[in-house]
Amino acid sequence: MIKKFIEYHISDDFYPAGRVLLTHTIPTLMEGEHLPGKAAQRLSVHLGLKGLTINFYSRVVAVNIFGTNGVIHGVDNLLIPPPRAFKIIDLLPSEFSTFELALGKTGLLDAYNSTDHPSGTLFAPSNFAFQKLGPKINGFLFSEYGRKYLKALILYHTVPDNVLYSDAFIKAEGHDGIPKGHWHVDLPTALEDHSLSVDVGRYGGLIDIKINAFSRVSVQDGIAADGVIQVVSDVLIPPKKLGSAKLRSFNWFGSEKELTLEEFKARFEPYVERMIDL
84 MIKKFIEYHI SDDFYPAGRV LLTHTIPTLM EGEHLPGKAA QRLSVHLGLK GLTINFYSRV
144 VAVNIFGTNG VIHGVDNLLI PPPRAFKIID LLPSEFSTFE LALGKTGLLD AYNSTDHPSG
204 TLFAPSNFAF QKLGPKINGF LFSEYGRKYL KALILYHTVP DNVLYSDAFI KAEGHDGIPK
264 GHWHVDLPTA LEDHSLSVDV GRYGGLIDIK INAFSRVSVQ DGIAADGVIQ VVSDVLIPPK
324 KLGSAKLRSF NWFGSEKELT LEEFKARFEP YVERMIDL
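Number 167 in our numbering belongs to position 84 of the sequence shown; there are no gaps in the numbering.
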């Protein structure tokens with residue numbers, strides 16, 4: 084345990100301060116036991132009002148202490164190896180209490196907390212994202228009649244076996260860096276026969292992630308033991324025309340009218356009909 088703790092503070096690559104500032108995630112010496120191929124567990128790097136932080140809480144307080152075999156950066160908090168993704172969701176009720184309630188209502192919470200659950204990417208809608216659905220859709224989803232739709236919705240936000248960080252992509256058969264400029268990938272979700280269309284725009288240290296052409300990742304790279312959490316500020320809805328060259332999702336603040344309950348149900352109807360009773 085102590086060895087893993089120490090390994091999580093060390094990268095075998097060279098990251099001087101200039102490179103750290105342009106980086107979003109850093110691979111460490113710690114082996115990710117629950118990641119595809121036991122890939123290196125990562126640290127997330129964020130530049131904000133608190134300065135440069137690691138994993139959102141540990142602030143970088145000293146940089147570029149060079150040695151003969153590398154460089155040291157000082158942090159003001161120990162870097163704790165991350166828990167599983169759904170444990171993180173549980174620890175942040177102010178952001179994800181609605182999502183956690185949805186997991187409990189559908190019976191998916193225990194399954195996702197199981198050690199048998201595969202690693203992957205969780206596109207986690209915030210409480211505000213659910214609020215934007217409106218009272219009618221929320222009332223339906225959390226009723227007995229809407230439970231299958233709620234389950235389909237959660238499955239649509241879950242990508243098993245593929246871990247998409249903002250600057251790295253880890254798959255079951257290996258991992259790739261994400262090139263600068265524009266990069267596109269279709270991620271198969273846990274909802275049968277449906278993928279998320281993901282576009283990553285990278286320009287220096289700035290990275291923008293769009294889902295289904297419109298919805299943005301609002302908080303990137305929540306590092307988890309079994310993958311990564313990408314927080315979305317809109318609940319993701321399947322496009323109207325599956326397989327269309329022009330994939331679209333509902334633009335909550337665009338020119339389209341507010342999504343009605345009937346339209347919402349129509350988007351998920353093909354999947355709900357094939358689901359077994361909860």
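Positions of the beta carbon are idealized from the N, C-alpha and C atoms, including for glycine.
### Task
Entirely within the region 200-260 and at least 3 residues each: give me those beta strand (DSSP E) ranges in chain order.
203-208, 241-243, 251-254 and 257-260
### Message
Can you find the residues in the same chain that come closer than 7 Å, C-beta to C-beta, to residue 180, ignoring five residues on each side of it along the sequence?
### Response
210
### Buried versus exposed call for residue 245 [16 or more other C-beta atoms within 10 Å across all chains shown]
buried
### Message
Just verifying my parser: in three-state terms, what is the DSSP assignment at residue 186?
### Response
helix
### Query
Closest to residue 159 by CA distance: which of 171, 173, 153 and 141 is it?
141
### Query
From what residue to what residue does the alpha helix (DSSP H) around residue 166 run?
Residue 166 -> no alpha helix (DSSP H), and no H or E assigned at all.
### Straight-line gap, residue 113 to residue 310 (C-alpha atoms, nearest Å)
14 Å
### Task
Please state whether DSSP places residue 335 in a helix, a strand or coil.
Confidence at residue 335 is low in this model, with a pLDDT of 41, below 50, so the placement of that residue is unreliable and no value is reported for it.
### Query
Which full runs of the beta strand (DSSP E) of 3+ residues lie inside the region 271-300, going along the chain?
278-286 and 289-294
### Message
Which of the three DSSP states is assigned to residue 362 in this structure?
### Response
Residue 362 falls outside the range modelled here, since the chain spans only 84 to 361, and no answer is possible.
### Query
Is DSSP giving residue 49 helix, strand or coil here?
Here the chain comprises residues numbered 84 to 361, so residue 49 is not present and cannot be evaluated.
### Task
Consider the C-beta atom of residue 186 and the heavy atoms of the ligand HEM; say whether any pair is separated by less than 6 Å.
In the structure shown, the ligand HEM is absent, as is every other ligand, since no ligand is present at all.
### Task
Examine the Cβ distances between the region 123-143 and the region 96-111 and report whether three or more of them are shorter than 8 Å.
yes
### Message
Distance check for residue 248 and residue 96, CA to CA, integer angstroms please.
### Response
18 Å
### Task
Helix, strand or coil for residue 120, going by three-state DSSP, please let me know.
helix
### Task
Could you check if residue 174 is buried or exposed, using at least 16 other CB atoms within 10 Å of its CB as the buried criterion?
exposed
### Query
If you follow the beta strand (DSSP E) that residue 114 is part of, which residue opens it and which one closes it?
108-114
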